[in-house]
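Note that the protein sequences, when read in sequence, are chains A and B.
The opening position of the first sequence corresponds to residue 0 in numbering that gives the first Met the number 0, with each subsequent residue numbered one higher.
The opening position of the second sequence corresponds to residue 0 in numbering that gives the first Met the number 0, with each subsequent residue numbered one higher.
For every residue, glycine included, the Cβ atom is placed at its ideal position computed from N, Cα and C.
To keep things clear, I will list the structure first and then write my remarks on it.
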Amino acid sequence: MADSTIEITVNGFGEKVPSASTISYLIEHLKEGDRHLLVEHNGKFIHPQHWDTIAVDTGDTIEFIHACFGG
Amino acid sequence: MSKHDILNSRAPRIDAAEKVTGRSQYLDDLTRPNMLYGALLQSPVAHGKIVKLDTTRAMALPGVVEIVTAKEAGDILFGVSPARYDETVFAVDRVRYVGEEIAAVAAEDIETAMEAVGLIDLEIEELPTVLDMEAALTPGAQELFERYSGNVTAEVFQDFGDVEKERGKADKVYTDHLLSQMQDAAFMEPHGCIAEIDHRGHLTLTTSTQSPHYVQRIVAMVLGLPLSKVRVVKPCVGGGFGPKAAASNLELAVCLLAMRTGRPVKSVYSREQVFLRSRARHQFLHKMELGVKNDGTLVYVDHHATLDGGAYSSFGIATVYYAGSLLGGPYHLPNMRYHGVRVCTNKPACGAQRGHGGVIARALLESLLDTAAEDMGMDPVELRLKNVMSTGETTCNDLNMSSLGMRECLEAVRDKSDWDNKRKDLNADEGEGIGAACGFFVSGAGYPIYRSQTWHSTVTVQLSEVGGGAIVRSAAAEIGQGSDTVLAMIAAEELGILLDNVRVQSGDTDFSVDLGAYSSRQTLMMGHAVRDAAINARNKVAEVLADVFGGPAERFEFKGGYVGVTEGDFDFEKVRTDFIKEHRGFTDNPDEGERFTFKEASRLAFNKTGTIVGCGEYKPPPLGGRFKGAAVGTSPAYGCSAQISEVNVDLETGKVDLARVAMSHDCGYAINRTQVEGQMQGNFLMGLGEALFEEVKFDELGRTVNANLAEYKIPTSLDVPPLDPIVIESNEPNGPYGAKEVGEGGIMPAIPAIMNAVYHATGVRFRELPLNPERVLKAIQSLHSEGGLSFPSDAKCERIIQLLEKRKSDQ
């Protein structure tokens, strides 16, 4: 992981993360682990098979969603 | 014999007498001094740009006090999940469904308010509409929102086990699809609310809601009020079933009117407006592939779903999630893959309705199980029994069956219904059939709707300062399901007093935090909290008794309104004398020789220490899982059900009548046996309606054409067959006293048991719901036609499935 940090939006709030952070890294770093987690990157659903390969860039938005909130 | 004095009994509901004698106060029974009446202007078109909105003529009408639009309300986005806030109080510049709120009027009387609505000058430039899933998903379709590319508001992909790798182990593969219709929850009491604000800016919203807590948060957020100055109170509520579990535009509009006028404002929906509001069950199209070994062992399910969610997100992201995840149980299913997509269309928004997301998926899976059983020459009940999970096992998607009475449920209905004989003896030539199905549901959600570490339920139990009774205070929402009675029974049990001496004050955000009546959570979560609160209060009394009579506090035993000791003795003569002297003139003082009463003990404790309040709280514990950093997961516990339905199908008219239903539900432990059976019966009846009658119909302009209970047909007492509810108690370790849900899970087997029975009677495996007479008759005719069984929606469903599969392959 590179030494520099970038600013992204996570769950609606600004967050500084290492540049080129992957989705998997963010899940671990931000303690979002849950087998039922949904991830959206810039409004698009990201298939779990891509979590290790997709990296975020400055200004990106990430939404971690625990969809098991009932109803 | 029950190990408890009050729990597990058939105690009458504490609110029953008021309800049946008409003394209960529902929202529309309430008035306030100086109250205004609110009415809404709602969009007459399904999709369009607002080009003119002029309230001048309306404001000039005598009796009109205030009119608000998006100009006054602002454009703060709200919804259910913060990740999907996509609604505003009023349409800002665009309307997306017939019925969308555009303005609200407050006037001295309702007639003036409604006349004023008609005087608001509104012009809408109509836009092309998207009215079904196919239209929404077709490339190049009109998009309802810039943020929802391709009209997809939520997409879920779940992959557990390895379907591709294990597919080859299946000897047989069965595939089918099922298309349902949009539903209405048809609660008897329409939405309604009264908002009032005092001179210090404290707003009180009295509203027919399932969740005062979530409404409080949204009102504060959207209207820019401090949370501490917003109070939400729930009066008696005549049903919710899901659509009342989130804040509504009506509530926000009425609050805004109250804030701007300084007067109380009341507004109540008509039945038509209830339909336009919806937030009820989505339309679902499921396609499933079930792989099975020759011996009946299930190998995999490959599942695709498209949901028509109407114009806004509401609970939709959870709906599309649960549509897949709830198939993880109650059978051993080592491999499960699911792709679900929820689209938006120009129709009233859909949300969470009883059984949330899992109902139609369950119907298709149970139908496929029957198909497999028939093809393999196995009895359908035996196939299910071969595959059911047991307590202690974990599903492939990490749902932990801390208790699961699925085998017991299925065996119970098999025996009760005389399945083995009926299966052979019923005469299909005369339209007689019998069918079985199972179901599975969460008992409370693992997470709150907003990201938070909040307690899910908090409760206080205050002992009456005059001695002898207790008041339970909670924000929990009694909406007809009996939660107040459960609160009272648990408090009485732990305090060791009579149920009659417990009062419950609930549904008020001033009392506590409780996330609300949804997701079948209140018995489990609120039950834990009230038990802890009652024990806390009891222990405070015991400590005083230990101090006065000698310890330890643990030796004091509270039971049946009396206090005794487990060891030794204690001389309470002086305490009694003081009590009687304090109550000179009272006629209900303890008799000479009577045991030491709770009344005396709690009065003594108050005199020594002051007010005694016990506090209790609950949030789901981290459940752990195989995933790194495992968090809470879907639910602390899971309920399960089985039903066997007997039908008579009139082969000449297509009408399906239920002859008899055997039903079972594992509720862990029945806090109140009558209430559990009532929920089981209510669940079944709701499923019956969806199986045979209910569908919301739209015309080509997106208008609801059957927005009334005469044309949207729900079951009546004439449709109810003899019901045989059997309660199974598997003793859930995560539940209070072993209890878990019964509010929703029982709907899961209802539709497929009927579908399977109708198949037994007619040979028709239905791919469309509901099974109304016209649909059934046409299907029977097509079965015997040259082309074989077909349904009008087959081609459309195939096109939608292809659009979904293309979307998946493009990922």
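Residue i vs residue j beta-carbon contact at 8 Å
i, j, result
"Cys349 of chain B", "Gly309 of chain B", "yes"
"Leu494 of chain B", "Ala533 of chain B", "yes"
"Ser312 of chain B", "Arg93 of chain B", "no"
"Phe510 of chain B", "Arg472 of chain B", "yes"
"Val221 of chain B", "Ile66 of chain B", "no"
"Leu202 of chain B", "Val229 of chain B", "yes"
"Cys408 of chain B", "Ile727 of chain B", "yes"
"Glu250 of chain B", "Thr206 of chain B", "yes"
"Ile64 of chain A", "Leu25 of chain A", "no"
"Leu39 of chain B", "Thr260 of chain B", "no"
Coil, strand or helix - residue i by DSSP
i, result
"Cys796 of chain B", "helix"
"Gly526 of chain B", "helix"
"Phe626 of chain B", "With a pLDDT of only 45 at Phe626 of chain B, under 50, the local geometry of the prediction cannot be trusted, and the value read off the model is given with reservation. Phe626 of chain B falls in the coil class under three-state DSSP."
"Val704 of chain B", "coil"
"Lys286 of chain B", "strand"
"Asn293 of chain B", "coil"
"Gly13 of chain A", "strand"
"Arg554 of chain B", "helix"
"Ile753 of chain B", "helix"
"Gly160 of chain B", "coil"
"His65 of chain A", "strand"
"Gln180 of chain B", "coil"
"Ala59 of chain B", "coil"
Counted within 10 angstroms of its Cβ, other Cβ atoms place residue i as buried (16 or more) or exposed
i, result
"Asp307 of chain B", "buried"
"Gly550 of chain B", "exposed"
"Met70 of chain B", "The sequence shown places Lys at residue 70 of chain B, not Met. It counts as exposed."
"Ala630 of chain B", "Because the pLDDT of Ala630 of chain B is 44, which lies under 50, any placement of that residue in the model is unreliable, and the number read from its coordinates should be weighed accordingly. Buried, because 16 or more other Cβ atoms sit within 10 Å of the Cβ of Ala630 of chain B."
"Asp531 of chain B", "buried"
"Met187 of chain B", "exposed"
"Pro11 of chain B", "exposed"
"Gly328 of chain B", "buried"
"Glu122 of chain B", "exposed"
"Ser810 of chain B", "It should be noted that the sequence gives Gln, not Ser, for residue 810 of chain B. Exposed."
"Leu657 of chain B", "buried"
"Val501 of chain B", "buried"
"Pro211 of chain B", "buried"
"Glu365 of chain B", "buried"
"Arg95 of chain B", "buried"
Within-8 Å CB hit, residue i to chain A
i, result
"Thr318 of chain B", "yes"
"Arg276 of chain B", "no"
"Tyr811 of chain B", "Any question about residue 811 of chain B goes unanswered here, given that chain B covers just 0 to 810."
"Ala82 of chain B", "yes"
"Ala476 of chain B", "no"
"Gln810 of chain B", "yes"
"Pro447 of chain B", "yes"
"Ala184 of chain B", "no"
"His527 of chain B", "no"
"Val660 of chain B", "no"
"Ser324 of chain B", "yes"
"Thr457 of chain B", "no"
"Arg450 of chain B", "yes"
Cutoff 8 Å: residue i Cβ touching any chain B Cβ
i, result
"Pro47 of chain A", "yes"
"Phe44 of chain A", "yes"
"Ala54 of chain A", "no"
"Leu25 of chain A", "no"
"Glu14 of chain A", "no"
Closer than 8 Å to chain C by CB, residue i
i, result
"Glu154 of chain B", "Absent here is chain C; the protein component of the structure consists of chains A and B."
Should the stretch 246 to 266 of chain B be called in touch with the stretch 214 to 223 of chain B, which here means at least 3 C-beta pairs below 8 Å? Yes: at least three Cβ pairs fall under 8 Å.
Contact between the stretch 342 to 356 of chain B and the stretch 725 to 734 of chain B (3+ Cβ pairs under 8 Å): No, the stretch 342 to 356 of chain B is not in contact with the stretch 725 to 734 of chain B.
Contact the stretch 645 to 653 of chain B vs the stretch 770 to 780 of chain B: 3+ CB pairs below 8 Å: Contact holds: three or more Cβ-Cβ distances are below 8 Å.
Is the number of C-beta pairs between the stretch 686 to 704 of chain B and the stretch 749 to 756 of chain B that are closer than 8 Å three or more? Yes: at least three Cβ pairs fall under 8 Å.
Measuring CB atoms only, is the stretch 269 to 286 of chain B touching the stretch 143 to 155 of chain B, in the sense that at least three cross pairs come out at less than 8 Å? No: the two stretches stay apart, fewer than three of their Cβ pairs being nearer than 8 Å.
Touch test, the stretch 631 to 641 of chain B against the stretch 658 to 677 of chain B, Cβ-Cβ under 8 Å, three pairs minimum: With a cut-off of 8 Å, the stretch 658 to 677 of chain B and the stretch 631 to 641 of chain B count as touching, because enough Cβ pairs lie within range.
Do the stretch 225 to 236 of chain B and the stretch 172 to 184 of chain B make contact, defined as three or more Cβ pairs closer than 8 Å? The way I'd put it, the stretch 225 to 236 of chain B doesn't touch the stretch 172 to 184 of chain B; fewer than three beta-carbon pairs between them come closer than 8 Å.
Would you call the stretch 763 to 776 of chain B and the stretch 431 to 450 of chain B touching, i.e. three or more CB-CB distances under 8 Å? Per the Cβ contact rule, the stretch 763 to 776 of chain B is not in contact with the stretch 431 to 450 of chain B (fewer than 3 Cβ pairs under 8 Å).
Per the contact definition of three or more C-beta pairs closer than 8 Å, is the stretch 419 to 439 of chain B in contact with the stretch 576 to 591 of chain B? Result no; under three Cβ-Cβ pairs closer than 8 Å.
Count the C-beta pairs between the stretch 599 to 612 of chain B and the stretch 461 to 468 of chain B that are closer than 8 Å, then say yes if the count reaches three, no if not. Taking a cut-off of 8 Å for Cβ pairs, the stretch 599 to 612 of chain B and the stretch 461 to 468 of chain B touch, as three or more such pairs fall below it.
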